[in-house]
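Trainee: The following block contains the structure, expressed as structure tokens.
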Amino acid sequence: LTLVLCGAALVGVALYSIFALAPIEARMGIAQKIFYFHVPAGMAMVLLAGGCALASLVFLISRKEIFDEIAVAAAEVTMVFATISLITGPLWARKAWSGVWWTWDARLTSTLLLWIVLAGYHMLRGLSGEGARRFSAGLAIFAGVDAVLVYLSVKLWGGQHPIVMQDEGLGSNIHPGMRLPLFLSMGAYFFIGAALFWLRMGLERTRNRLRALKLQVSERME
Amino acid sequence: MNVLRQIGAVFYKDLLVEARTRETILSMLVFAVLIGLVFTFAVFVNQETIRKIAPGIFWVAITFSGTLGLSRSFAREREAGGLRGLLMTPAGRGAIFAGKMLANVAFMVVVELLLIPLFSIFFDLPLLEVAGSFAAVVLLGTIGFAAVGTLFAAMLENARLRELLLPVIFYPIVVPVIIAGVEATGGLLFLSDAARAAAKGAATLGSMDAIRDKVWQWIQILMAFDAIFLAASAWIFEYLVTE
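Residue numbers (the numbering used here), protein chains in the order written: chain A, 417 to 638; chain Z, 232 to 474.
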């Protein structure tokens with residue numbers, strides 16, 4: 417409950433700053449507000465996908481359940497953020513790129529691929545039964561490669577998608593008045609992401625313990 | 232040396248089985264040609280447009296027929312408990328992976344060798360002029376494809392719904408290789424066309440160097456993906472295929 421309250425408070429502050437404090441952009445108008453939802457979601461997505469791949473890597477080597485729990489939780493939350501980016505992105509593009517929802521730009525394509533890989537990850541876990549953990553861990557490592565690709569795509573291939581992560585520091589190409597709301601929004605996103613991740617990991621832990629207990633019970637019955 | 236012999240043994244085993252049954256390569260080839268036909272009719276506008284789409288159709292045919300080969304390669308092992316037998320031999324996991332992967336590459340290359348002349352006739356593709364670079368592109372694409380594909384096919388070997396899951400998890404990963412393959416092939420065809428036009432006396436296009444650079448860039452991307460996919464797949468294979 418504390419998590420929920422803190423999250424709600426952060427979201428409230430971020431929303432207030434986005435709609436009340438941030439200046440309205442000249443060309444995009446009110447639609448520019450999408451920016452504060454799209455950018456942090458994308459960042460959280462890349463970070464979490466990286467974390468998921470890392471945890472999967474460690475899981476494959478160490479076979480410790482905890483890393484699998486981390487990976488599942490991260491993969492699921494990544495999927496949430498990837499979905500948000502993919503929904504808010506076209507909404508933004510419609511306005512910014514004169515009427516098109518989607519282009520086959522490097523970053524858009526790689527993000528879509530990441531989303532599909534994650535969908536495959538969850539399907540794999542749900543369907544393949546025994547060994548699913550290791551298999552999905554293997555897949556997650558490739559998802560991590562794709563996440564790196566999402567991050568590097570604009571620098572490598574150019575394309576239409578703008579860069580927020582400048583070499584001179586995060587968001588240095590953004591109007592100063594928009595920076596604070598962006599950072600607040602990022603804070604809210606990362607907090608919610610972490611909270612979701614934490615809860616989801618707890619759920620996976622409980623599930624694993626329940627399974628272990630059931631096994632013990634059925635052994636004792638015999 | 233020993234590792235090389237182990238790889239060779241696994242590779243030879245797959246080739247021998249294929250030589251005796253001849254089922255995989257034949258079905259792959261027929262399937263690839265059929266895909267070529269289906270796509271041609273699906274997108275046919277006129278001779279000129281279909282030529283422009285030809286690289287895409289070619290890579291789609293390779294992708295789909297390659298997937299067929301991959302799942303066959305491990306279905307065969309499953310039928311006779313072959314993978315368990317392989318794992319019981321003193322050959323290391325890495326050697327098994329490399330052997331299976333090379334066999335899959337070999338099957339795909341055979342199919343491609345037959346498919347490419349057919350396609351160049353169907354779509355009037357000027358491939359002879361750029362044969363060397365084109366062969367390199369196809370081979371690089373095939374290696375990247377087979378590296379990830381062998382890993383995924385092996386890990387889904389015992390999974391439920393494996394025929395369904397293989398494309399679902401495999402294609403999104405391998406799409407970068409396909410993109411690079413299509414782009415490089417398209418660029419090469421453009422260069423070849425331009426060279427032909429120049430030979431006929433038409434003015435050479437100034438953009439040829441730019442296209443050449445672009446093709447080279449895509450080949451580099453292919454090489455980078457091959458390196459990543461090979462290393463990652465070989466490494467993950469050791470951890471995934473246990474019993």
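Yeah, the Cβ is synthetic: ideal placement off N, Cα and C, and Gly gets one too.
(1) Identify the contact partners of residue 558 of chain A in chain Z, using a Cβ-Cβ distance below 8 Å as the criterion.
(2) Which class does residue 484 of chain A belong to by DSSP, given the choice of helix, strand or coil?
(3) To which residues of the same chain is residue 263 of chain Z closer than 8 Å at the C-beta, ignoring the five residues directly before and after it?
(4) Roughly how many whole angstroms lie between the Cα atoms of residue 361 of chain Z and residue 427 of chain Z?
(5) Considering only their Cβ atoms, is the gap separating residue 601 of chain A from residue 456 of chain A smaller than 8 Å?
(6) Using three-state DSSP, classify residue 623 of chain A as helix, strand or coil.
(7) Nearest to residue 565 of chain A by CA position, among A:465, A:482, A:497, is which residue?
(8) Can you list, in chain order, the residues of its chain with a C-beta nearer than 7 Å to that of residue 492 of chain A? Leave out the 5 residues immediately preceding and following it.
(9) Between residue 405 of chain A and chain Z, is any beta-carbon pair separated by less than 8 Å?
(10) Are any of the Cβ atoms in chain A nearer than 8 Å to that of residue 309 of chain Z?
(11) How would you list, in chain order, the residues of chain A whose beta-carbon sits under 8 Å from the beta-carbon of residue 459 of chain Z?
(12) Is the beta carbon of residue 460 of chain Z less than 8 Å from the beta carbon of residue 375 of chain Z?
(13) Let's see if you can read the secondary structure: which residues bound the alpha helix (DSSP H) around residue 398 of chain Z?
(14) Specify whether the region 547-566 of chain A and the region 521-536 of chain A touch according to this definition: at least 3 beta carbon pairs, one from each stretch, less than 8 Å apart.
(15) Of all the CB atoms in chain A, is at least one closer than 8 Å to the CB of residue 392 of chain Z?
(16) Excluding sequence positions up to five away, which residues of its chain have a Cβ less than 8 Å from the Cβ of residue 624 of chain A?
(17) Let's test the definition: count the other Cβ atoms within 10 Å of the Cβ of residue 369 of chain Z and tell me whether it reaches 16, buried, or not, exposed.
(18) List, in chain order, every chain D residue whose beta-carbon is nearer than 8 Å to that of residue 413 of chain Z.
(19) Identify every run of the alpha helix (DSSP H) within the region 307-382 of chain Z, keeping only runs that are complete inside it and at least 4 residues long; order them along the chain.
(20) Counting along the chain, where does the alpha helix (DSSP H) carrying residue 449 of chain Z start and finish?
(21) Answer with yes or no whether the minimum CB distance from residue 539 of chain A to chain Z is below 8 Å.
(22) Does chain Z have any CB closer than 8 Å to the CB of residue 551 of chain A?
(23) Roughly how many angstroms lie between the CA atoms of residue 503 of chain A and residue 497 of chain A, to the nearest whole one?
(24) Figure out for me which residue from A:517, A:629, A:532 has the closest Cα to the Cα of residue 577 of chain A.
(25) Can you tell me the Cβ-Cβ gap for residue 401 of chain Z and residue 380 of chain Z, rounded? I've got them flagged as a contact below 8 Å.
(26) Leaving out five residues on either side along the sequence, give the residues of the same chain with a beta carbon under 7 Å from the beta carbon of residue 536 of chain A.
(27) Against chain Z, does residue 619 of chain A count as a neighbour if the rule is that its beta carbon must be under 8 Å from one of theirs?
(28) Three Cβ pairs or more, each shorter than 8 Å: is that satisfied between the region 325-334 of chain Z and the region 244-253 of chain Z?
(29) Excluding the 5 residues flanking residue 449 of chain Z on each side, which residues of the same chain have their C-beta closer than 6 Å to its C-beta?
(30) Assuming residue 357 of chain Z and residue 268 of chain Z form a contact by the criterion Cβ under 8 Å, report the distance between their Cβ atoms to the nearest whole angstrom.
(31) Mind listing which residues of the region 449-478 of chain A have their C-beta closer than 8 Å to chain Z's C-betas, in chain order?
(32) Does the beta carbon of residue 471 of chain Z sit closer than 8 Å to a beta carbon anywhere in chain A?
Mentor: So, from the listed chains and residues:
(1) Neighbours of residue 558 of chain A in chain Z, taken as residues at a C-beta separation under 8 Å, are given in chain order as 379, 404, 463.
(2) Helix at residue 484 of chain A.
(3) For residue 263 of chain Z, where only same-chain residues beyond five positions count, the Cβ hits under 8 Å are 292, 293, 295, 296, 342, 346.
(4) The straight-line gap from Cα to Cα measures roughly 11 Å.
(5) Taking a C-beta distance under 8 Å as the contact criterion, residue 456 of chain A and residue 601 of chain A qualify as a contact pair.
(6) Looking at residue 623 of chain A - three-state DSSP - the assignment turns out to be helix.
(7) Considering only alpha carbons, the answer is A:465.
(8) Correct list, in chain order: 616.
(9) Residue 405 of chain A lies beyond the stretch modelled for chain A, which goes from 417 to 638, so this question has no answer here.
(10) So no, residue 309 of chain Z is outside the interface.
(11) By Cβ distance, chain A contributes 561.
(12) The answer is yes: Cβ separation under 8 Å.
(13) Per DSSP, residue 398 of chain Z belongs to the alpha helix (DSSP H) from 393-430.
(14) Output reads yes: the region 521-536 of chain A touches the region 547-566 of chain A.
(15) Closer than 8 Å: yes.
(16) Excluding sequence neighbours, residue 624 of chain A sits near 481, 485.
(17) So residue 369 of chain Z ends up on the buried side.
(18) No chain D appears in this structure, whose protein chains are A and Z.
(19) For the region 307-382 of chain Z, whole alpha helix (DSSP H) runs of length 4 or above, ordered along the chain, are 313-319, 324-353.
(20) From DSSP, the alpha helix (DSSP H) with residue 449 of chain Z extends over 439-471.
(21) Output row for residue 539 of chain A: interface = yes.
(22) With a threshold of 8 Å between beta carbons, residue 551 of chain A makes contact with chain Z.
(23) Per the coordinates, the alpha-carbon of residue 503 of chain A lies some 10 Å from the alpha-carbon of residue 497 of chain A.
(24) The shortest Cα separation from residue 577 of chain A among A:517, A:629, A:532 belongs to A:517.
(25) About 6 Å separates the two Cβ atoms, so the contact holds.
(26) Once the five neighbours on either side are set aside, the close Cβ partners of residue 536 of chain A are 555.
(27) Under the 8 Å criterion on CB atoms, residue 619 of chain A is classed as non-interfacial with respect to chain Z.
(28) Short answer: they touch.
(29) Cβ-Cβ distances below 6 Å link residue 449 of chain Z to 411, 414, 415 in the same chain, with the five nearest sequence neighbours on each side left out; the list follows chain order.
(30) With a Cβ gap of about 22 Å, residue 357 of chain Z and residue 268 of chain Z do not count as contacting.
(31) Along the region 449-478 of chain A, the positions whose C-beta sits under 8 Å from a C-beta of chain Z are 476, 477, read in chain order.
(32) Taking Cβ atoms only, chain A reaches closer than 8 Å to residue 471 of chain Z, which makes this a yes.
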